[in-house]
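Residue numbers (the numbering used here): -1 to 168.
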């Protein structure tokens, strides 16, 4: 059974470090062993600090978001109306599609496709709210790349709780 007393994890880690250093003191500077020990101590420090601060580093949205996620979000925001393929988004962010999808799930809690869908719906809503005498639901939907107006209307209502035409009239 693990020791739950305060500091026991640190004590176990220090004992591990002492044993590792004693067994291979000459390998620490020039080998992966030294880097491994350094990373272990740093991770333990970060996890201990996060726990004391009441944070869970594994919780989506709580960690610092990687640059490639922010690049992908910016790219999708800029190109939302042209419906970029996710492979194109990943390429613009400089990573593989799998890496991008995994990072979105881990750091945002949703997929890149879900981000793009939400971005497009939000932009249609903005267009409808801005209105104007020549604005129609069809025009706003087509502007953001929707071609199936029935599917668009269902998605819009599911997301905002009202029909697009109600948003336009308000």
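Heads up, the beta-carbon is just placed ideally off N, CA and C, and yes, glycines get one too.
- Taken atom to atom, the span from the alpha-carbon of residue 38 to that of residue 45 is near 11 Å.
- For residue 161, there is no enclosing alpha helix (DSSP H), as DSSP marks it with neither H nor E.
- Residue 72 counts as exposed, since fewer than 16 other C-beta atoms from the protein chains shown sit within 10 angstroms of its C-beta.
- With a cutoff of 7 Å on beta-carbon distance, residue 119 and residue 74 are scored as not near each other.
- For the pair residue 134 and residue 166, the Cα-to-Cα distance works out to about 8 Å.
- About 5 Å separates the CB atoms of residue 143 and residue 79; that is less than 8 Å, so the two are in contact.
- Secondary structure of residue 79 (DSSP, three-state): helix.
- The Cβ atoms of residue 139 and residue 126 do not sit closer than 7 Å to each other.
- For the pair residue 110 and residue 70, the CB atoms are nearer than the 7 Å cut-off.
- Fully contained in the region 111 to 159 are the following alpha helix (DSSP H) runs of length 4 or more, in chain order: 135 to 141 and 147 to 158.
- Separation of residue 8 and residue 49 (C-alpha to C-alpha, rounded to the nearest whole angstrom) is 14 Å.
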